[in-house]
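Each remark here refers to the structure printed beneath this line.
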Amino acid sequence: MTKPHTLPAELSVLVPCFNEHANVEPMVARLAAALEGIAWEAVFIDDDSPDGTAGAVRHIAATDPRVRCLRRVGRRGLASAVIEGALACSSRYVAVIDGDLQHDETRLPDMLRILRAGNADVVVASRFAVGGDSAGLAGGGRLALSHTANRLAVMMLGTKLTDPMSGYFMMERGMLEVVVPRLTGQGFKILLDILLSSPTRLRVAEVGAQFRARVAGQSKLSPLVMVQFGALLVDKLFGGMIPLRFFAFSLVGAVGVVVNLAVLTVVSQAGAGFVTAQTAGTVVAMIENFVLNNSITYRDQRLRGGRLWRGLLLFMLVCGVGAVANVGIAGALYAGGTGRTPAGALGAVIGVVWNYAMSTTLVWGRQARWGRTS
Ligand SMILES: Nc1nc2c(ncn2[C@@H]2O[C@H](COP(=O)(O)OP(=O)(O)O)[C@@H](O)[C@H]2O)c(=O)[nH]1
Ligand SMILES: [Mg+2]
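Numbering (the numbering used here), first residue to last: 756 to 1129.
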């Protein structure tokens, strides 16, 4: 390894990590080799990995001032890790690269050259551009998924990018700082989030890059990550006017209606009267809604243990009041001459908004982490 420089870094390489213990040392060695002659630093952002990734970074940082560790406790998420990493830097440029050695770090100097020349605001290392290679996208299913997601993203961007979902890119840090307050900060697709959220149209250049197969550790791509991708697109489509959480809450509510009707049918068929069957349906739907909201909508502030039971009771109380408000308002409107459907729909919307507001503040009450979207 070359002797570490003492100049302030021109380039900060942000490396989000979760359970990448075995990859930290080779990653630093590769960066050092690739970035010879450049004043760089590497910031590993670790979400308190149980495998001790942060310890591996600090061990190297003890003798190499170019290496830093940002350990986040009680948090998960690639995009938010990258954002916080960038905010902890003062260099002119930041690069984002996976910590599992899948991205070809030898492309970094070329990417920096393009930015220095002022030819682009963002340089994306693309798996699908000339010179790129997506061999590391294990399996045809993964490749097809990647292509479909790409097509969706390109449609929304209105720019011909070959790899808007890339997790490997470089940009001026100042530009990233400007866009941070508008970011969704959820899930994996931080580049797409940046491109869709920027107040000005960013000039994007692409360089081809290999995507190697993962050697150590495991991919963290999960169904949740895909849901988050869909949520990001929906959020940007609606200009961020409706919080993502509200979408999730409403979807869960829709599932609740189906559950309610199913229980109503089953209990009625078993011989119970309508009121008994509908009460059973409502209670089961409330419990089911609470469980789904706790694990999806309010996942980042999930209630556990004793707080879970207290939360369930509060949720049922809140929804009960919501139902009374719904019926009361719809009834008053109907009596005042509003048509049956608009009166019913308005009552339902007011009920959902009430339930959502109370759930967010009272049941799961803790304030948003990433601006308006969470
Ligand atoms: N800090 C942080 N890093 C993450 C998280 N999820 C994934 N990463 C890192 O982001 C990079 C890409 O993740 P990976 O699971 O390899 O995604 P894939 O290459 O698309 O399968 C890797 O360096 C992961 O360790 C997370 O929740 N927090
Ligand atoms: Mg990977």
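C-beta atoms are modelled at their ideal positions from N, C-alpha and C, and glycine is treated no differently.
Here the structure is a predicted model, which is why all the values come from computation and not from measurement.
Check, Outcome
"Same chain only: Cβ atoms within 6 Å of G1102, ignoring 5 sequence neighbours per side", "N1081, I1084, A1085"
"For I793 and F1001, the rounded distance between their alpha carbons", "46 Å"
"Which listed residue (L957, G1036, L769) has its alpha carbon closest to that of C825", "The sequence given here places Leu at residue 825; Cys does not occur at that position. Looking at the Cα atoms, L769 is the closest of the given residues."
"Segments assigned alpha helix (DSSP H), at least 4 residues, entirely inside the segment 1032-1108", "1061-1090"
"Coarse secondary structure for G963, derived from DSSP in three states", "strand"
"Inter-stretch contact at 8 Å, needing at least 3 Cβ pairs: the segment 1056-1067 / the segment 1086-1102", "no"
"Start-to-end residues for the beta strand (DSSP E) that takes in I800", "795-801"
"N1048 beta carbon near ligand 1 (any heavy atom closer than 8 Å)", "no"
"Beta-bridge pairing of V851 - partner residues as DSSP gives them", "L769, F924"
"Rounded C-alpha distance that separates F924 from W1119", "36 Å"
"Coarse secondary structure for R827, derived from DSSP in three states", "coil"
"Nonlocal neighbours in the same chain, by C-beta distance under 6 Å from F799, ignoring five residues either side", "V770, C772, V812, C824"
"Range covered by the beta strand (DSSP E) that runs through V877", "877-881"
"Nearest-angstrom Cα separation, counted from S881 out to E916", "It should be noted that the sequence gives Leu, not Glu, for residue 916. Cα to Cα, the separation comes out at about 9 Å."
"Proximity of R1130 and S953 at Cβ, strictly below 9 Å", "Because the chain in this structure spans residues 756 to 1129, residue 1130 falls outside the shown range and cannot be described."
"Distance, T914 Cα to G922 Cα", "18 Å"
"V885, DSSP secondary structure in three states", "coil"
"Outcome for A841 when other beta-carbon atoms lying within 10 angstroms are tallied against a minimum of 16", "buried"
"Neighbourhood of Q983 by C-beta, 6 Å cutoff - its chain only, sequence neighbours within 5 removed", "Q941, G942"
"Span of the alpha helix (DSSP H) around N778", "776-789"
"Cutoff 8 Å; reference A834; Cβ partners in own chain excluding five residues on either side", "L938, T939, G940, Q941, G942, F943, K944, I945, D948"
"Within the segment 927-956, ranges of the alpha helix (DSSP H) (whole runs, at least 4 residues)", "928-934, 945-952"
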